[in-house]
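Worksheet: the structure to be examined is printed underneath.
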Amino acid sequence: MKRIISLILALTACLFVIFGFMYVRRSGLLKAYPDAIYMPEDITQTRIAYMSLGEREKAVYTALYNGISRQSEYIELPFEIDGDTYEKIYFNIEKQEPEFFYLASDFYSAEKIRTAQIIYRDTSDDMKSALESSRIRIVENIKDCDDYEKLLYIHDYLTENCKYIESGVENIDNAYGCLVDKNANCEGYAKAFKYICDGLNIPCAVTVGNSFDGRNHAWNQVQLDGEWYNVDVTWDDCDDEFVGVHTYFLCDDKDFASHYPDSELMPVFECTSYNRNYYVKSNCFVRTQNDAERILAERLKDISGNIELKFSDNYTYNEFKNVYITNQRIFDILSESNPDVLNNQISCFMKEFEGNCIIALRIKCTEST
1459 MKRIISLILA
1469 LTACLFVIFG
1479 FMYVRRSGLL
1489 KAYPDAIYMP
1499 EDITQTRIAY
1509 MSLGEREKAV
1519 YTALYNGISR
1529 QSEYIELPFE
1539 IDGDTYEKIY
1549 FNIEKQEPEF
1559 FYLASDFYSA
1569 EKIRTAQIIY
1579 RDTSDDMKSA
1589 LESSRIRIVE
1599 NIKDCDDYEK
1609 LLYIHDYLTE
1619 NCKYIESGVE
1629 NIDNAYGCLV
1639 DKNANCEGYA
1649 KAFKYICDGL
1659 NIPCAVTVGN
1669 SFDGRNHAWN
1679 QVQLDGEWYN
1689 VDVTWDDCDD
1699 EFVGVHTYFL
1709 CDDKDFASHY
1719 PDSELMPVFE
1729 CTSYNRNYYV
1739 KSNCFVRTQN
1749 DAERILAERL
1759 KDISGNIELK
1769 FSDNYTYNEF
1779 KNVYITNQRI
1789 FDILSESNPD
1799 VLNNQISCFM
1809 KEFEGNCIIA
1819 LRIKCTEST
C-alpha cells in the first residue's frame, strides 16, 4: 500500500512539475525580453512627448517605435507595465509620430502588458514613399528660410492644398491623407504640420482636446525662438474665396481660449508670447484708425491675396467696420493707392472673426464690359 501511495505522490508531483512548467512557459516568465534601449539624442529634439516620459516609459516607447517601424505584429517590451501606462505611451506614439500613418488608433490592452500586439491599417511601400516625397519637396522649397518663414509656408501650403473633410474618407486623420490624398480632418492637418516640422527639426507637438462647442479637436503647439505658440491650421482653412487666413497661426493662449487641451495623456505647453504672432510680425495689428489707414494704403497697392487685420479691442474693431466698410472708406483708399483698377468693376469681400477681433478682406477686380 505504501508503495502505491508513494507512486501516486510521485506521479502527482511529476504532473505538477510538467503542468507548472507549461504554465510558466506559456505565461512568458521564462522568455528572454529585450534590454532597455533609448532613442538617440539627435532625434529626440522634435519628440516632445518622448522627452516628457520617465526612463522606463522611454524604453517602452523606443521598443514600440522600433517595432512599429518594422510593422511587427507583436513587440516585446523591456518592462512589464500596467494598462494605463501602456495607453499613455501608445497614444503619444500614434499622435506624435506622424510617419506611422499606417498605425491604427485602436489598440489591445490588458491589466499588465509585456508583449504588445499592434493593429495596422492596410498600406504599401509606395504609400510610404509618396508621403516622404511630399515632405522632401516642401522642405526643399524652404530650406534657406528662417524658422518663422518655414512655419508660415507650411501653414499656407496646407490651407491651399488640402480640403477639410470631417469623415467618410480613408486616411483623413493622418499625414498621408492631408499631404498625398489632400483630404483631412483636424487630426490629419495637425499630423501633417508636425510631420513637416519634424523634417525641419522644429520642435512641434500634436495637441488634442475639445473646441468651444464640446467637439473633439486637434491642433499644434510649436516652439519658435525658445517660446511656445499655438497653431490651428484646420480653422484657418476657409475653403472659400479667402482660401486661408492666419487667425490661429502662432497664437498665445489668450487667442486660443476656444481650445481646451487634454493634458492627461500628453504634454501641453503654456503659450504666453505674442512676439511672433502673424499679425504682429506682418505689421497688421491695429490699435488706432491711423494704423488702419496706413496698413490699408500699403496693402491695397497690390490687391492679390487677403488683407488681414487684427484689432486691439472691440471698440477699434467696430469703428473700423463703420468707417471703412459701412461708409466705404476702403474704396477711397483703393483709388488713391491703386488707380490702375479704377476702370474695372470692384468687389470687396469681408470675413469676420469677431471673437478674435480679426477682419479679413479680399478685393476682386473684374474688367468692365
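In this note's numbering, the protein residues as written are 1459 to 1827.
Every residue, glycine too, gets a C-beta built ideally from N, C-alpha and C.
Exclusion of the five residues before and after residue 1549 leaves 1723 and 1724 as the residues of its chain whose Cβ lies within less than 8 Å of its Cβ. In this structure, residue 1539 sits near residue 1570, with a CB-CB distance shorter than 9 Å.
Non-local C-beta neighbours of residue 1611 in its own chain, meaning closer than 8 Å and more than five positions away in sequence, comprise 1596, 1599, 1600 and 1603, ordered along the chain. Within its own chain, the residues whose Cβ lies closer than 8 Å to the Cβ of residue 1755, once the five positions on either side in sequence are excluded, are 1791, 1794 and 1795, listed in chain order.
Listed in chain order, the beta strand (DSSP E) runs fully inside the region 1733-1810 are 1765-1769, counting runs of at least 3 residues. Remark: C-beta atoms of residue 1779 and residue 1821 do not approach each other more closely than 9 Å.
Around the CB of residue 1681, 16 or more other CB atoms lie within 10 Å, so the residue is classed as buried.
Residue 1690 counts as buried, since at least 16 other C-beta atoms from the protein chains shown sit within 10 angstroms of its C-beta.
For residue 1675, the uninterrupted beta strand (DSSP E) segment begins and ends at 1674-1682. Using a 10 angstroms sphere on the CB of residue 1552, the tally of other CB atoms reaches 16 or more, which defines it as buried. Bridge partners of residue 1686 according to DSSP: 1681. According to DSSP, residue pairing for residue 1717 in a beta bridge involves 1669.
In the three-state DSSP reduction, residue 1578 falls in the strand class (E or B). Spatial neighbours of residue 1750 in its own chain (CB-CB distance under 6 Å, excluding positions within 5 residues in sequence) are listed in chain order as 1744 and 1778. By the beta-carbon neighbour count (other beta carbons within 10 angstroms, threshold 16), residue 1784 is exposed. Sorting 1741, 1782, 1803 and 1736 by C-alpha distance to the C-alpha of residue 1609 places 1736 at the top.
Here the C-alpha atom of residue 1526 lies approximately 15 Å from the C-alpha atom of residue 1545.
Note that the C-beta distance between residue 1593 and residue 1657 is below 9 Å.
Each residue's CA atom was taken as its position, placing residue 1575 and residue 1493 some 19 Å apart. DSSP lists 1768 and 1811 as the beta-bridge partner residues of residue 1816. By the Cβ rule, the region 1685-1705 does not count as touching the region 1579-1591, because fewer than three pairs are nearer than 8 Å. Within the model, the alpha-carbon separation for residue 1797 versus residue 1808 is close to 21 Å. In this structure, residue 1695 lies near residue 1620, with their beta-carbon atoms less than 9 Å apart. In the displayed model, residue 1663 falls within a strand according to three-state DSSP. When DSSP states are grouped into helix, strand and coil, residue 1568 belongs to the coil group.
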